[in-house]
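Chains as they are written, first to last, in our numbering: chain A, 1 to 11; chain B, 1001 to 1442.
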């Protein structure tokens, strides 16, 4: 797996 | 919670890499990740989801938001995210230091009835920002017009005042500018950088003859050479900025865009500060609307990404705007955001920059003491007419990114759903993002 963009808190 | 098991998020989109891998995107978390064929993520994303112990790959899917607990109500998540746009610690102002323009582009929708912002309006605007400064953490100014650089002294005066307020009250200030680039000399550019203007949108519609036949001076005369000269000089300096070179295409210049991208590649290849942004010309309300050779919408939707990919292959990055449009709330138009206003040069207040003549867009005025006198019924039209009234939007994978509000004007005028170009071609866009990362950038 390769993360191109990590998860962010949408808030 | 884990006893409930894990199910695929309804905000996922899936695309593929050239070597058979999988690209996943989630519009609620903004995450984008790639997986090899061997990792077999697609079986975990089937309707039944995953039960029991999570493997390492499954754990990664949970962390990025591609798998969610079956106890989570994603509808509530999206609804709550929409409500959170009503926060009061942000302000975005689109400021028109002048409404005049030195260009007369063939497809322009503006009529330039008003000139430079008068001193009393400037003073009121400074007061507005000073008053809000106590409560906001972020201020973004979008310099717009007309051609903003025709009122460079107004930008200077307002920038100094805003920067002083930012220092005194401790808010974060950033700015951007939509300019035709004709007056963007290196001296001015250095000044603008010192005033925190770091993102620019500058339009070039092809090579010299083509560009000059569409984007010419008000008195007649070409503009291509001057803009290119300015861009070359800007490129020669170190600096933290982004310039989105926008190409507006229609049937007339469609065939020349690839050749033009070759030319841009020779100039800006490998300089990630210069990025491409391709959009089809539309009937945006200008005097020449009836004569514009606009592309069939299906062709236009494909060409946007075809040109973007051609740019990539020439070493030109695609605009960072595309990637941030995919962020949660990233595709919501400023006109739909409660904390965003357009300030006209006469102190009129609007929501949308594309319909200055429409009465429902004239939502108020900036008063002498710096307060905004707003008609909240008109404001509500812009802020409340998205997914609230559209069942299809509420069930869409892209809902957290656009909330049905990518273009409230389009929805009001046509009654149709304003789906963003990115959403319509999401597989292609994800593939391009993967491709760009693979080329070792960003």
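We put the CB at the ideal spot given by N, CA and C, even for glycine.
DSSP bridge partner residues for residue i (one or two, in chain order)
i	result
residue 1364 of chain B	B:1349 and B:1374
residue 1173 of chain B	B:1139
residue 1280 of chain B	B:1249
residue 1318 of chain B	B:1276
residue 1092 of chain B	B:1140 and B:1340
residue 1103 of chain B	B:1217
residue 2 of chain A	B:1034
residue 1068 of chain B	B:1007
residue 1178 of chain B	B:1201
residue 1098 of chain B	B:1116
residue 1050 of chain B	B:1006
Cβ separation of residue i and residue j, assumed to be a contact under 8 Å, to the nearest whole Å
i	j	result
residue 1400 of chain B	residue 1027 of chain B	5 Å
residue 1207 of chain B	residue 1260 of chain B	5 Å
residue 1315 of chain B	residue 1344 of chain B	In fact, because the Cβ distance is near 40 Å, the residues do not count as touching under 8 Å.
residue 1347 of chain B	residue 1366 of chain B	4 Å
residue 1094 of chain B	residue 1342 of chain B	4 Å
residue 1224 of chain B	residue 1303 of chain B	With 8 Å as the limit, residue 1224 of chain B and residue 1303 of chain B do not qualify as a contact, their Cβ atoms being about 22 Å apart.
residue 1124 of chain B	residue 1370 of chain B	5 Å
residue 1023 of chain B	residue 1017 of chain B	6 Å
residue 1333 of chain B	residue 1280 of chain B	Incorrect: roughly 17 Å between the Cβ atoms, too far for contact.
residue 1339 of chain B	residue 1091 of chain B	5 Å
residue 1217 of chain B	residue 1103 of chain B	6 Å
residue 1034 of chain B	residue 1305 of chain B	So it is not a contact: roughly 19 Å between Cβ atoms.
residue 1293 of chain B	residue 1252 of chain B	5 Å
residue 1355 of chain B	residue 1405 of chain B	That belief does not hold up - the Cβ atoms of residue 1355 of chain B and residue 1405 of chain B are roughly 15 Å apart, past 8 Å.
Status (buried if at least 16 other CB within 10 Å, exposed otherwise) for residue i
i	result
residue 1080 of chain B	exposed
residue 1002 of chain B	Bear in mind that a pLDDT of 42 at residue 1002 of chain B, under 50, signals an unreliable position, so the number given afterwards is only what the model happens to contain. Label assigned to residue 1002 of chain B: exposed.
residue 1155 of chain B	buried
residue 1237 of chain B	exposed
residue 1442 of chain B	Residue placement at residue 1442 of chain B is flagged as unreliable, the pLDDT there being 43, under the threshold of 50; a coordinate-derived value is accordingly withheld.
residue 1258 of chain B	exposed
residue 1194 of chain B	exposed
residue 1135 of chain B	exposed
residue 1232 of chain B	exposed
residue 1181 of chain B	buried
residue 1055 of chain B	exposed
residue 1377 of chain B	exposed
residue 1170 of chain B	exposed
residue 3 of chain A	exposed
residue 1276 of chain B	buried
residue 1428 of chain B	buried
residue 1416 of chain B	exposed
residue 1051 of chain B	exposed
residue 7 of chain A	buried
residue 1078 of chain B	buried
residue 1322 of chain B	buried
residue 1076 of chain B	exposed
residue 1392 of chain B	exposed
residue 1384 of chain B	exposed
residue 1420 of chain B	buried
residue 10 of chain A	buried
residue 1436 of chain B	buried
residue 1042 of chain B	exposed
residue 1147 of chain B	buried
residue 1403 of chain B	buried
residue 1176 of chain B	buried
Contact list for residue i against chain A, beta-carbon separation under 7 Å
i	result
residue 1065 of chain B	7
residue 1033 of chain B	1, 2, 3 and 4
residue 1060 of chain B	1
residue 1039 of chain B	1
residue 1084 of chain B	11
residue 1437 of chain B	4
Within chain A, partners of residue i - CB distance below 9 Å
i	result
residue 1400 of chain B	10
residue 1081 of chain B	10 and 11
residue 1057 of chain B	1
residue 1030 of chain B	5, 6, 7, 8 and 10
residue 1069 of chain B	Correct list: empty, because the minimum Cβ distance to chain A is about 15 Å.
residue 1245 of chain B	What residue 1245 of chain B touches in chain A: nothing, since even the nearest Cβ is about 23 Å away.
Contact set between residue i and chain A, taken where Cβ atoms lie within less than 8 Å
i	result
residue 1329 of chain B	10
residue 1434 of chain B	4
message = Ignoring anything shorter than 3 residues, give me the beta strand (DSSP E) runs that lie fully in the stretch 1184-1257 of chain B, in order along the chain.
response = 1197-1203 and 1242-1249
message = My parser needs the alpha helix (DSSP H) runs of 4 or more residues fully inside the stretch 1001-1044 of chain B; what are they?
response = 1041-1044
query = Enumerated in chain order, which unbroken segments of the alpha helix (DSSP H) with a length of 4 residues or greater are wholly contained in the stretch 1107-1170 of chain B?
reply = 1119-1133 and 1152-1169
query = In chain order, which continuous runs of the alpha helix (DSSP H) of length 4 or greater are located wholly inside the stretch 1288-1318 of chain B?
reply = 1297-1313
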